[in-house]
Structures are given as structure tokens and as C-alpha cells.
Amino acid sequence: MPFTLSDGRSFTNLFNSTEQRKKSFPITPSSNRKDLWPLIELIARKSTGADVSEISLSSKEMTNVRTSLGRVRAWLRLALMQKRLADYFKILVEQKHELKEFYDSDALLLSDEISMITGLLVGLNVLDLNFCLKEAILDHPSETTIYYSLYLRERRIPSQSTLKNTHPPGSIEDQIDELDDYSSLSSSPITRTSTQNSDTVIISNTNDMITYDDQRISNILDQKNYIEELHRNLQKTVNSLQERLQTMEQTNKSLTDDGIVQKIRIEQLEENLSKTKTEKEQMQSSYQAKIEAMNSDMALERETYQKSRAGLDVLYHELEKKYDDECLSKIDVETEYQLQLAQKNDFIEATKLMGKDMEMKTTLYTHMKEQIDGIKDENIRLSEKLQIEEKRNEEREHQLQSLEKENQMLRETISQLETNIEEINKEKHALNDTNESISRELAKIDAEKTSIETDLRVEKDFRQRLQQTLTSEKEKVSSLQFDIHELNLIKQEYDSYKKQMTKQQNDLQKKFQEQEETIRELALKLEVSIKREDEFREKDGLRSSTWMKDEDVKECCQCKKDFSPLRRKHHCRNCGQIFCETCASTKLPLPSSNKPVRVCDMCRNHLLAQCAVNSP
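Yeah, the sequence shown ends on 629 if you go by our numbering, and it's all consecutive.
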């Protein structure tokens, strides 16, 4: 009977028996089982040794295990490898108080019979167990069966020594000892038949023949079991190697496809890189030409700007000097004009005073004339006083002459003042004209200044635009350089990746060739073992097949149709069962007969498959 490790389910079922339903730690969504990892932590806390902590840490740190049930399975395998599972289970059973939180009062772990299980677990220490936990899939259930038929040997003792059995004539050509398993030996007889004479020879009941046959049967059965086990192992290895071969072929196909895709991508990247390089060179040449042209234009603009600025500065300084001189001359003219206005006002006042004096003198003159007339009258009247009056008149005449001279002098001064006033008015008009011309020149200078300022602003704006275009072109050049650098890095990474992929492909091809060689060797071994097994099976089938009696069978063993006088019974010469004519219509040669004999459809398919396997 094989020992099965169904993912530790026999042991986890012991933990899961009669759990409380009030605490829900589901292991799978389809069940209400709790999480068993707290029990493992309880064992690690209560134990004094360092082995429990080591296996718990190692089971926690496994990268291929993600679920708590997988960690529990890994822990159970490590405990079996340490041969300490019974000790750990004993530590767990001793913690009755803590287990009441996880189990009901009538659970198996809380009962007294659990000590028997701890004693039974000690028997596992006899076995040397070794598990590969790195490649094991512990998160999902998987059946693992260990057969002890390779290591243990049973003593087969038949219950009956001699029994009778009848076979149809011509079924076995040579004298072959019939062999059967333990169950068939207990019920079926051992007979020896011959094709030449169809009489059955019954083996005599002697102790020597029984012991000889028992030894021979036991040896043949052991050899048969051993060969079957080897065949199973070889079949498993062949299946695993075929699966690995398929996976390797798939990986190889995927790698070749990836290689083709990567080659296409490399070609595209190289084309893009060459295009980008050419575009970069063209852009660099065009940008270099533009930059040189712009630099030459900027140099010319700078020279013209400096020259125009120098000329404008000179003109501006000259105009400033002229403006300052004109301002000073204007101030001087205004001061002279004010002085002349003051003198003119003084002259006007003096002329007014002199006019008043002249009026006074004219009035005096008229009054004097009247007096002279009165005096003349008086002179006429007063002849005596004539001489005196004449003298007075002479004196008065002298005074009049002097007054006339003064009057003439005043008239001359008045005429001179009038001429001076006219000259001053003329100078005033001339100064007004000069002021108007100076104001016109100043307005022209202001207009020229504003035009120069606008020109300067336009030149400054143009310069700023040129600087902006230069900065944008520099940024474009820097971005293109950065893109080229990134493309170079991508190319380097792709070259390294290509080298790694070629190395991996070479390694995989080597592994694939080695595995093909091993598969061929195993296939040859498997063919040899299959041939041997088929030979043994044919012999065992001939011996173990029971010849069914006509009286016991009432219907066909395949189509289940009832037999009648029209539907006759036909025996299969290979398996011994009874079929109708349609189900046993084919005839094939058997190893036990030279001529083709009637066989059923199942045996026909089996024999044809054997022939196809045996044929190279």
C-alpha cells in the first residue's frame, strides 16, 4: 500500500477536525477551514530548541510560497526532514489551554486519544525523507505518491495447491506455466495444456513441486513488479522530459520570434538613427549657416548701430551745446530787452516831463508876449520908461534866445529819443524773429530726437528678437544633442541585450541538444522496456485470462445484446470473453497460434497498437 503525501492534507485534516465556526480564518474560499499558521507559531513559542524557529523562518522566507497553507505544507516537510514532527506535535498537544481557543471541547486534539497519534508519528522517524521545496508548488494541492513496492517484498503463499481449469484447444502452443497475481492465485488454478493433445494435465500435489512453483512464481512476480515500477518511473521521466522539451521548444520559438522582432527593431532603430544622423547633420549645417549669417548680420548691424549711435551722439552733443548757447543768448537778449524797456520807460517819462515843461514854457511865452504887448503899450504910454524897458527887453530877448536854444536842444533830444525808440522797436522785432527761429529749430531738434529714440527702440526690439531666435535655436540644438545621446544609450543597451540574448540562445541550444540526446537514450530504453513488458503482458494475459463458459454468459460483453439462435456466441482467443459475431469479426495471428484467430475489438486495437509500437 503506497504512502501518500497529499500536500499534508492527512495532517492538516487532523488540525482542522471539529474547529470552532465562530472564528473565520478561511484557507480556501470554498471552505470554512481556519488558518493553521497560528498553531505553528504556538509550537515555535512553546519549544525551547532552535530547530523550530529555523524551519518556521525558512518557511516564511520562501519566495515561491504565498499562502499560509503553503507555508504550513513547507513547515511539515521540513519537520519530516528533521525527524522531529512527533516532538513538535507532542508540544502542541500539551498546550490544552491555548488549543481551546481554536477547537471545540469534543475535538480530537483535545481528547485523550491524541497521545496514540503522537506515538504513531514516532514511526515516521524510521524513514529518511528528502523534499525539494524550491521547485515545489505548495500553494495549490498536488498528489504525491510514494510506492514501497520498490523497497519491500511480500511473501506470496497460495491458499490452494492444485486446482483444475479448462482452456480451449489450440489456445497455447507450447507448454507454458500460467502465472497470476496474489488474488488470482488464491482463486484460479494452475494448469498446463498442450496443443498436440488437448488433454489437461493436472499437477500432482507434492511438496517439492509446490515449493518450486511458489519460488518461481514469487520471483517472476517480483521481477514483474520491479519492471512495472521501472516502466512507470521511465514513463514519468519521459513525460516530464517531453513537457520540458515542449516548454523548451516554446521558449526557443519565443526567443527566436523575439530575436527576429529585435532584429527588425534593430534595423528600424539603425535606419531611424541614420535618418536622425543625416537630419542632425543637415540641421547642424543649416543651423550653422544660419548662425554664421546671423552673426555676420549681427556684426554689420552692430557696426552700423555703433556708427549711427556715435554720429547721433555727436549730433546730440552739438545740438545740446547749441541749445545751451541759444538759451544763454536768449537769456542775455531778454535781459538787454528788459534793460532797454526800462530805459524806454525812463525816456517816455522824461519826454512826458519835458512836454509838460514845454507846455509850461509855451504858456509862459504866451503870457510873456501878452506882457510884452502890455509893456509896449506901456512903453508907448510910458515913453519915459522906454529906455529902461528896452534894456529889460534886450535882456529878455537874450533870455528868449537862450530859451529858444534850449527849446531847440530839447526838440533835437526828442527827435533823437524817437529815433532811438524806433531802433529799439526794430531790435525788438528782430529778437522776436530770432526767438521764433530758435523755437522752430528746437521743435525740429525735438522731432529728430523722438525719431532717433523710435529708431533706437526698433533696433532694440530687433536685437531682442534676434537674441530670442538665437536662444530658441540653441535650445533646439541642445535638444537634438540630447536625443542623439539617448539614441546612443539605447543602442548600447540594445547591443548588450543582443549579446545576452545570443548567449542565452546558444546555451538553450546546447541544453536542447543535450536533452534531445537524453530523450533519445531514454526512448531507446523505454522501447526495450515496453517490448519486455508487452511480452510479459502477453504471457500473463494468456495465463490470467479466464475462459468464460457458454452457460454463464447470456449477452455480448461489448454491445450487451442478448444471444439467440440467430446471434451466436464467439470466444475471443486473446481474453477468453464471449462476444457476438459483429463484435468479434476480426482475425489476427497471436503468439500462441500460427493461424489467425478470432479476437474482439478491444484486443484487436491493443494488438495493433503493440505492433505499431514494436515496429521500428
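The beta-carbon is built from N, C-alpha and C at its ideal position, and this holds for glycine as well.
Beta-bridge partners of Glu-568 (DSSP): Asp-575. The residue among Cys-588, Gln-301, Ile-543 and Leu-121 with its C-alpha nearest the C-alpha of Ala-625 is Ile-543.
Classified as exposed, Gln-301 has fewer than 16 neighbouring CB atoms from the shown chains inside 10 Å of its CB. Rounded to the nearest whole angstrom, the C-alpha separation of Gly-387 and Arg-424 is 30 Å. Burial is judged here by how many other beta carbons sit within 10 angstroms of a residue's own beta carbon; Ile-344 has fewer than 16 and is exposed. A contact is defined here as three or more CB-CB pairs under 8 Å, and the segment 451 to 466 meets this definition with respect to the segment 336 to 356. With the rule of 3 Cβ pairs closer than 8 Å, the segment 92 to 104 does not count as touching the segment 69 to 78. Assigned with DSSP and collapsed to three states, Arg-611 falls in strand. In this structure, the alpha-carbon of Ala-597 lies about 57 Å from that of Arg-84. Proximity to Ala-363 across Gln-429, Pro-578 and Glu-407 peaks at Gln-429, based on C-alpha coordinates.
In summary, Gln-494 is exposed, with fewer than 16 beta-carbon neighbours lying within 10 Å of its beta-carbon over all protein chains present.
The DSSP-derived three-state label of Pro-51 is helix. Around the C-beta of Leu-539, 16 or more other C-beta atoms lie within 10 Å, and the residue is accordingly described as buried. Taking the C-beta atoms as reference points, Ile-127 is found nearer than 8 Å to Leu-121.
Counting along the chain, the unbroken beta strand (DSSP E) around Thr-599 starts and ends at 599 to 602. In this model, Lys-288 and Gly-272 are separated by some 23 Å (Cα to Cα). DSSP places Arg-586 in no alpha helix (DSSP H); its state is neither H nor E. Under the DSSP assignment, His-110 falls in the alpha helix (DSSP H) whose first and last residues are 109 to 112. In the three-state DSSP reduction, Phe-592 falls in the strand class (E or B). Bounds of the alpha helix (DSSP H) holding Met-94 are 81 to 95. When the alpha-carbon of Asp-565 is set against those of Cys-145, Cys-572 and Phe-592, the nearest one is in Phe-592. For Val-135, the enclosing alpha helix (DSSP H) covers residues 127 to 135.
Cβ atoms of Thr-599 and Arg-617 come within 8 Å of each other, at about 5 Å. Around the beta carbon of Gln-319, fewer than 16 other beta carbons sit within 10 angstroms, so the residue counts as exposed. Across the structure, Asp-496 and Arg-278 are spaced so that their CA atoms are roughly 18 Å apart. A Cβ-Cβ contact shorter than 8 Å links Met-94 with Asn-143. The C-beta of Leu-354 has fewer than 16 other C-beta atoms within 10 Å across all chains shown, which makes the residue exposed. Nearest in C-alpha terms to Met-615, of all of Asn-252, Asn-265, Cys-572 and Pro-604, is Cys-572.
Rounded to the nearest angstrom, the Cβ distance from Val-251 to Leu-500 is 50 Å, too far for a contact under 8 Å. Look at Cys-145 here: in three-state DSSP terms it is coil, with no helix or strand label.
Bounds of the alpha helix (DSSP H) holding Glu-67 are 64 to 73. In this structure, the alpha-carbon of Lys-567 lies about 12 Å from that of His-583. Look at the beta carbons and you see the segment 223 to 232 not touching the segment 523 to 533: under three pairs across the two are nearer than 8 Å.
Sequence-distant partners of Glu-449 (beyond 5 residues in either direction) whose C-beta falls short of 8 Å from its own C-beta are missing from its chain.
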